[in-house]
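Asks:
Number of protein chains: 2
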Amino acid sequence: MPMPFARRLDQVETSAIRELFKLLGKPGIISFAGGFPDSAMFDVDGIRQAAEAALRDEPGAALQYGATEGYQPLREALAQFMGGKGVQDMAPQQLIVTTGSQQALDLIGKTLIDPGDKVIVEGPTFLATIQCFRLYGADLVSAPIDADGVQVDRLEQLIVEHRPKLVYLIPTFGNPSGATLSLERRRRVLELAVQHQTVIVEDDPYGDLYFGDAPPPSLLALSHEVPGSRDWLVHCGSLSKVLAPGLRVGWMVAPPEMLARATMCKQFSDAHTSTFAQATAAQYLRAGRMPATLARVRAVYAERAQTMGEALRAELGDAIDFVPPQGGLFVWARLTGARGQVADGNVFAQRAIDQGVAFVPGAPFYCANPDHATLRLSFATAGVEQIREGVARLGQALAG
Amino acid sequence: MPMPFARRLDQVETSAIRELFKLLGKPGIISFAGGFPDSAMFDVDGIRQAAEAALRDEPGAALQYGATEGYQPLREALAQFMGGKGVQDMAPQQLIVTTGSQQALDLIGKTLIDPGDKVIVEGPTFLATIQCFRLYGADLVSAPIDADGVQVDRLEQLIVEHRPKLVYLIPTFGNPSGATLSLERRRRVLELAVQHQTVIVEDDPYGDLYFGDAPPPSLLALSHEVPGSRDWLVHCGSLSKVLAPGLRVGWMVAPPEMLARATMCKQFSDAHTSTFAQATAAQYLRAGRMPATLARVRAVYAERAQTMGEALRAELGDAIDFVPPQGGLFVWARLTGARGQVADGNVFAQRAIDQGVAFVPGAPFYCANPDHATLRLSFATAGVEQIREGVARLGQALAG
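Chain order of the listed sequences is A and B. According to our numbering, the first sequence is numbered sequentially starting from 10. According to our numbering, the second sequence is numbered sequentially starting from 10.
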């Protein structure tokens, strides 16, 4: 007799992307497939000093069980960090520390989603959000986006039609879309939250990774302009893309009633996030190293993004369509099929692997009605020369 | 309108223990209430060296995203650690690293439990297991225990009657009971697993904390004696009680099909456990410091346990009944009500707080039919003088 697994597992398939990733071991392959930052840019010295300080100043607290809500000095440092990004009246007790922002998504699902509940996400959106919410039985609804983020008129129609438990958005440098919600649309989203009494989840792992001008303020930072909106707003932040994913330090800001329930769920999920990682992150933030780290990371990613954009234009011409990214880690592109060239992301990905370059086809990022012509290219982990070579190989894959 | 929380939250109440813990801030209180190790015994130097080595030898891997299954050098070190404790044919791929063993419990729930499923636990058992499984909709059934652990005849009756999704046991130095399942009963439990095709979860955070002779081998170590039993056995381990809870490093051994599904669930729970903490733990284990650490911790806890046992006998006499613990962190006791003395753990806990000493009443540790005369006393975090003074205060509380 097989083990009697829970029915919720039937909601989730093994990811198509995971299958693709198995091919990445091929020697000499240039990968644009990852969703992670470049480990060569980690501030290893700063993190080492922070870890040493944590074990020197507060070894008991850094190694002992801690409060489920998070290590208090880190909550304070994160509140200050958020305050510096324009969030008004940001107190430490308005956030809890999560084991990466992936755990914030899990706690949102556990706290809010009953089997059969409707949840609106962007089409396309973060793959692990789709799977995470489906494990709680969510029935996902896809809201269309354009270069200015989610189309708010269509979003309102979907809210009215489906009465969702929540709306999940990555408003700034979306994954995979790279799109950024315009200021006007941000205000409108907050108004929709109040008007339709609908929970809005703002996932914001990329907002600090801008290349030129800063993006519009986060929904959280704007919420004081729309009375009542903060009561419906959940904001997820993370140190993974800007400092180091390996710390697994994220956070969630939410209304008090929701935060209390998410804390209870977290108590039975992992008790608390590693206090050693939390104390290290707290020391790092207090040491004041983050502004210089962010400046360095932005400059490097900006150059790589520009290199990739120019190379794609030069090598693939009218076969591909994309908006040059203003931040984040990704170019989101669409095969045009011009002059009979390949127009299917999956077919192109296979041909690209044969040429020694990898990316992720876009279809799996849609919870419904996938656009099979799309693809996601990360410029984060390859150097500029590698990017030029990789895109040249894409050109060969197109011709082949 | 309030936020529309998920129905699963209705299954769980705010813990009575949490309310009690709020009283622990009272100045001068001696606490036997905790469930944690003594932070004064953490091997801070060893952990500092391990963290430094992790950031020196493999900074990219220690700070980057990692495999959901766990950091490979840690999986190897843990497999070796388990092999050293008598587990045969223990390969790294038979375990995944979890964010503390609390996450293993959560993944077991997510992977196996459908709403309404029966789950058998010991009465009494670990409180966070009760709550964790209830969040997945489990209908808990309480199996009685005695000083030799769960009563296996009664357990078999309950398995036949309820056809549970799983049976959850803490066979060695149980929390809160301190009881250790006898060797004979261990074999019988493994036979029941095969005979009734029932998943057995062995939670083993305390097995290394023995004071005299080593306890019987774990169910996992014994499983090779009972053909087929390993196919039904899940084993949860943790570094929290023997090294440091703040690393949040636990692990789960399970049959391949179950491990694959738990890994998928973990991917959407927190992606992976902190690679920084994992790399630190791996360096620590490889440095060979664990045997000395265990020897030191065992000696200190053994002395404290003996002190508490003698003091309880001297101060409370026939008002209290308990089996002197042979390992773990707890004395589990029962008020006898002799000579009309207080026989209710809750009442006694309140009186004790008034006298400046705290413990946890036992009733909340039962999923059904609580024994209100029981209480749990931790000897782990107070020194021997404090233990004597605290137990003297218990004597005053009894007299008062």
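C-beta atoms are modelled at their ideal positions from N, C-alpha and C, and glycine is treated no differently. In this text, all values refer to a predicted model and were calculated from it rather than measured experimentally.
(1) Going by C-alpha distance, which of B:MET91, B:SER151 and B:ALA59 is nearest ASN378 of chain B?
(2) With a threshold of 16 other CB atoms inside 10 Å of the CB of GLY55 of chain A, please say whether the residue is buried or exposed.
(3) Between ASP148 of chain A and THR390 of chain A, is the Cβ-Cβ spacing less than 8 angstroms?
(4) Can you give me the C-alpha to C-alpha distance between LYS250 of chain A and ALA328 of chain A, rounded to a whole angstrom?
(5) According to DSSP, is LYS411 of chain A helix, strand or coil?
(6) Could you round the C-beta distance between VAL130 of chain B and ALA230 of chain B to whole angstroms and report it? I think they count as a contact, below 8 angstroms.
(7) With three or more C-beta pairs closer than 8 angstroms as the rule, is the region 259-266 of chain A touching the region 105-123 of chain A?
(8) Would you kindly work out how many angstroms separate the C-alpha atoms of ASP279 of chain B and GLN111 of chain A, rounded to a whole number?
(9) Counting Cβ pairs closer than 8 angstroms, one from the region 338-345 of chain B and one from the region 82-94 of chain B, do we hit at least three?
(10) Between GLU266 of chain B and chain D, is the shortest Cβ-Cβ distance under 8 angstroms, so that the two count as touching?
(11) What is the C-beta distance between THR207 of chain A and ILE168 of chain A, in whole angstroms, given that I count them as a contact (C-beta under 8 angstroms)?
(12) Is GLN166 of chain B buried or exposed, if buried means 16 or more other CB atoms sit within 10 Å of its CB?
(13) Does DSSP put PHE388 of chain B in a helix, a strand or coil?
(14) Could you tell me the alpha carbon to alpha carbon distance between ILE39 of chain B and ALA269 of chain A, rounded to whole angstroms?
(15) Let's test the definition: count the other Cβ atoms within 10 Å of the Cβ of GLU170 of chain B and tell me whether it reaches 16, buried, or not, exposed.
(16) Going by C-alpha to C-alpha distance, which of B:GLY75, B:VAL332, B:LEU190 and B:GLY318 sits closest to ALA288 of chain B?
(17) Are ALA42 of chain B and ALA367 of chain B close, meaning C-beta to C-beta below 8 angstroms?
(18) At a Cβ threshold of 8 angstroms, is PRO68 of chain B touching chain A?
(19) Taking 8 angstroms as the threshold (C-beta atoms), are LYS174 of chain A and LEU121 of chain A in contact?
(20) In the DSSP output, which residue or residues are listed as bridge partners for ILE261 of chain A?
(21) Is the shortest distance between the beta-carbon of GLY277 of chain B and the beta-carbons of chain A less than 8 angstroms?
(22) Are the C-beta atoms of THR383 of chain B and some chain A residue less than 8 angstroms apart?
(23) Relative to the C-alpha of TYR215 of chain B, which candidate in B:LEU403, B:GLY221, B:HIS233 and B:GLY183 has its C-alpha closest?
(24) Considering only their Cβ atoms, is the gap separating PRO133 of chain A from PRO68 of chain A smaller than 8 angstroms?
(25) Determine, using beta carbons only, whether PRO254 of chain A comes closer than 8 angstroms to chain B.
(26) Could you tell me if GLN276 of chain A is buried or exposed, where buried requires 16 or more neighbouring beta carbons within 10 angstroms of its beta carbon?
(27) Against chain A, with Cβ distances strictly below 8 angstroms, would LYS94 of chain B count as a contact?
(28) State the Cα-Cα distance for the pair ARG352 of chain B and ALA188 of chain B, rounded to the nearest angstrom.
(29) For TYR145 of chain A, write down the residues that DSSP places opposite it in a beta bridge.
(30) Assign ARG305 of chain A to one of two classes, buried (16 or more other C-beta atoms within 10 Å of its C-beta) or exposed (fewer than that).
(31) Can you check whether the CB of VAL400 of chain B is closer than 8 angstroms to the CB of ARG415 of chain B?
(32) Taking the C-alpha atoms as reference points, what is the distance between VAL176 of chain A and VAL198 of chain A?
(33) Could you give the uninterrupted runs of the beta strand (DSSP E) lying entirely in the region 208-244 of chain B, keeping only those of 3 residues or more?
(34) Look up PRO334 of chain A in the DSSP assignment and say whether it is helix, strand or coil.
(35) When the Cα atoms are used, what is the spatial distance from LEU192 of chain B to GLN73 of chain B?
(36) Starting from the beta carbon of GLN112 of chain B, find every residue of chain A whose beta carbon is closer than 9 angstroms, and list them in chain order.
Replies: Judging by the given coordinates:
(1) Looking from the CA of ASN378 of chain B, the closest CA among B:MET91, B:SER151 and B:ALA59 belongs to B:SER151.
(2) buried
(3) no
(4) 31 angstroms
(5) As shown, chain A starts at 10 and ends at 409. That puts residue 411 of chain A outside it, with no answer to give.
(6) Distance from VAL130 of chain B to ALA230 of chain B at the Cβ level is roughly 22 angstroms; contact not present, criterion being Cβ atoms closer than 8 angstroms.
(7) With the cut-off at 8 angstroms, the region 105-123 of chain A and the region 259-266 of chain A touch.
(8) 5 angstroms
(9) no
(10) The chain inventory of the structure shown lacks chain D, comprising the protein chains A and B.
(11) Right, their Cβ atoms sit about 6 angstroms apart.
(12) Around the CB of GLN166 of chain B, fewer than 16 other CB atoms lie within 10 Å, so the residue is classed as exposed.
(13) coil
(14) 29 angstroms
(15) exposed
(16) B:GLY75
(17) yes
(18) yes
(19) yes
(20) Reading off the sequence, residue 261 of chain A comes out as Met, not Ile. The partner list for MET261 of chain A (beta bridge, DSSP) reads A:ILE105 and A:CYS245.
(21) One detail in the question is off: residue 277 of chain B reads as Phe in this sequence, not Gly. Taking Cβ atoms only, chain A reaches closer than 8 angstroms to PHE277 of chain B, which makes this a yes.
(22) no
(23) Measuring from the Cα of TYR215 of chain B, the nearest candidate turns out to be B:GLY183.
(24) Result no, Cβ atoms of PRO68 of chain A and PRO133 of chain A do not sit closer than 8 angstroms.
(25) yes
(26) buried
(27) no
(28) One detail in the question is off: residue 352 of chain B reads as Ala in this sequence, not Arg. Cα to Cα, ALA352 of chain B sits roughly 22 angstroms from ALA188 of chain B.
(29) Answer is none; TYR145 of chain A lacks a bridge partner.
(30) So ARG305 of chain A counts as exposed.
(31) Outside the displayed span of chain B (10 to 409) sits residue 415 of chain B, for which this structure offers no information.
(32) 10 angstroms
(33) Fully enclosed beta strand (DSSP E) runs of 3 or longer: 208-212.
(34) coil
(35) 44 angstroms
(36) THR108, SER278, ASP279 and ALA280
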